[in-house]
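A.B. asks: Numbering (our numbering), first residue to last: 116 to 215. Backbone N, C-alpha and C define an ideal beta-carbon position, used for all residues, glycine too. Below are the structure tokens for one structure; questions will follow.
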């Protein structure tokens with residue numbers, strides 16, 4: 116269950132901050148978390164080593180966590196969801212998912 120929560124959090128961070136990653140990082144993260152490709156499959160598709168894919172994913176996660184630490188958008192959305200602005204926050208989340 117803990118792994119599911121971790122993946123859910125990363126997906127959420129990717130939705131919010133993914134466009135701040137490099138093109139390559141975003142593509143690798145999308146392949147891994149949205150398309151559910153394995154490290155080996157991504158490495159083969161991109162003609163890079165499995166280690167390079169793993170390193171890119173780890174660096175990207177650190178970047179996403181760093182953005183959240185500084186900007187705290189997830190925290191703001193969570194606190195607003197429980198309050199009276201729930202509809203507004205839900206609309207903003209939908210816009211972000213749709214790429215605004």
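1) Could you name the residues of the same chain whose beta carbon sits closer than 7 Å to that of residue 154, not counting the 5 residues immediately before and after it, in chain order?
2) Since residue 165 is in the alpha helix (DSSP H), which residue starts that stretch and which ends it?
3) On the DSSP letters alone, give me the boundaries of the alpha helix (DSSP H) that residue 126 sits inside.
4) Is it buried or exposed, residue 186, if we count other Cβ atoms within 10 angstroms and call 16 or more buried?
5) Could you pull out every residue in the same chain whose Cβ sits closer than 8 Å to the Cβ of residue 212, ignoring the five residues on either side in sequence?
6) Return the residue from the list 210, 206, 173, 208 that minimises the CA-CA distance to residue 136.
7) Determine whether the beta carbon atoms of residue 144 and residue 171 lie at a separation below 9 Å.
8) Report yes if the C-beta distance between residue 128 and residue 180 is below 9 Å; otherwise report no.
C.D. replies: Well, looking at it:
1) Within the chain shown, residue 154 is the residue found at index 39, counting from 1. The beta carbon of residue 154 sits closer than 7 Å to those of 165, 168, 169, all from its chain and outside the five residues before and after it, given in chain order.
2) By 1-based counting over the chain shown, the position of residue 165 is 50. The continuous alpha helix (DSSP H) containing residue 165 extends over residues 165-186.
3) For this step, residue 126 is matched to residue 11 along the chain shown. Looking at the DSSP string, the run of the alpha helix (DSSP H) that includes residue 126 is 117-132.
4) For the purposes of this step, residue 186 is taken as residue 71 along the chain shown, with counting starting at 1. Exposed: under 16 other Cβ atoms inside 10 Å.
5) Numbered from 1 along the chain shown, position 97 holds the residue referred to as residue 212. Excluding sequence neighbours, residue 212 sits near 130.
6) Here residue 136 refers to the residue found at position 21 of the chain shown. Ranked by Cα distance from residue 136, the first of 210, 206, 173, 208 is 173.
7) Counting from one through the chain shown, the residue named residue 144 turns up at place 29. Counting from one through the chain shown, the residue named residue 171 turns up at place 56. The Cβ atoms of residue 144 and residue 171 sit closer than 9 Å to each other.
8) By 1-based counting over the chain shown, the position of residue 128 is 13. By 1-based counting over the chain shown, the position of residue 180 is 65. Yes.
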